[in-house]
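> In this note's numbering, the protein residues as written are 35 to 251.
Built from N, CA and C at the ideal position, the CB exists for glycine as well.
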């Protein structure tokens with residue numbers, strides 16, 4: 035893997051923008067290593083060398099490889115949100131329309147090349163490194179479930195009781211992730227058109243709402 039060009043930092047105390055740029059650079063290099071080599075085979079030494087920085091600089095920013103992987107996941111979430119604001123858009127006042135748009139956005143994000151690579155990475159490495167699955171769950175699954183639960187709670191006029199809606203929200207998210215995983219395993223993730231994703235989102239939401247019972251107040 036060829037060395038990546040690190041941001042130029044002039045002598046003296048780095049500015050906030052320089053510090054941020056260096057962090058982004060390290061995460062970008064780490065992403066390339068994780069996707070190309072897997073989590074287990076990736077080393078902090080190799081990341082430092084490819085990033086063009088000292089090991090001391092790397093460890094001052096990220097104390098462990100797991101901490102760097104978590105930063106990589108957070109960066110991936112930011113990329114998803116930047117690509118499609120609907121992932122975390124406010125409730126629009128119509129539950130069905132909101133959920134269809136939400137499901138379509140989640141599915142679209144889940145089928146991008148980075149998402150496919152990340153899913154394969156997690157499933158391949160989580161047996162040896164269970165902390166990866168936990169980081170992925172906390173960063174992706176839990177966040178998605180909370181967003182859907184907020185939609186359900188808001189529609190019910192009980193936004194302050196969002197915890198009551200986490201279980202049904204989790205069921206809908208499991209439907210999304212299950213379908214995405216099935217497509218990835220079949221090598222069909224890139225074959226779904228946006229129209230097909232939208233049609234599937236309508237079907238998934240219809241099935242969910244037809245069988246959905248609002249938690250007792």
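Taking DSSP as the reference, what is the three-state secondary structure of residue 226?
Here residue 226 sits in coil by DSSP.
> For the 8 Å Cβ check, are there 3 or more pairs between the region 154-167 and the region 56-64?
Short answer: they don't touch.
> In its own chain, which residues sit with a C-beta less than 8 Å from the C-beta of residue 89, not counting the 5 before and 5 after it?
Cβ within range, chain order: 78, 79, 82.
> Please return the same chain residues whose Cβ sits closer than 8 Å to the Cβ of residue 252, not counting the five positions on each side in sequence.
No statement about residue 252 is possible, as the shown extent of the chain runs from 35 to 251 and does not include it.
> Taking just the CA atoms, how far does residue 128 sit from residue 199?
Cα-Cα distance, rounded: 17 Å.
> DSSP on residue 90, reduced to helix/strand/coil?
If DSSP states are grouped into helix, strand and coil, residue 90 belongs with the helices.
> With the cut-off set at 8 Å, would you say residue 203 and residue 186 are in Cβ contact?
A contact, by the Cβ cut-off of 8 Å.
> Short of 6 Å in beta carbon distance, which residues of its chain neighbour residue 69, apart from the five on each side in sequence? Order them along the chain.
Taken in chain order, the residues that qualify are 151.
> Nearest by alpha-carbon distance to residue 74: which of 140, 134, 159 is it?
Measuring from the Cα of residue 74, the nearest candidate turns out to be 159.
> Given that a residue counts as buried once 16 or more other Cβ atoms are within 10 Å of its Cβ, and exposed if not, what is residue 50?
Classification for residue 50: exposed.
> Report the option in 111, 116, 196 whose CA atom is closest to the CA atom of residue 175.
Residue 111 is the option with its Cα nearest to residue 175.
> Excluding sequence positions up to five away, which residues of its chain have a Cβ less than 7 Å from the Cβ of residue 223?
If we look at residue 223 and ignore the five residues flanking it on each side, its Cβ neighbours are 145, 150, 217.
> Taking the straight line between their C-alpha atoms, what separation do you get for residue 207 and residue 98?
Their backbone Cα atoms lie some 31 Å apart in a straight line.
> How long is the line joining the alpha carbons of residue 84 and residue 67, rounded to whole angstroms?
About 9 Å.
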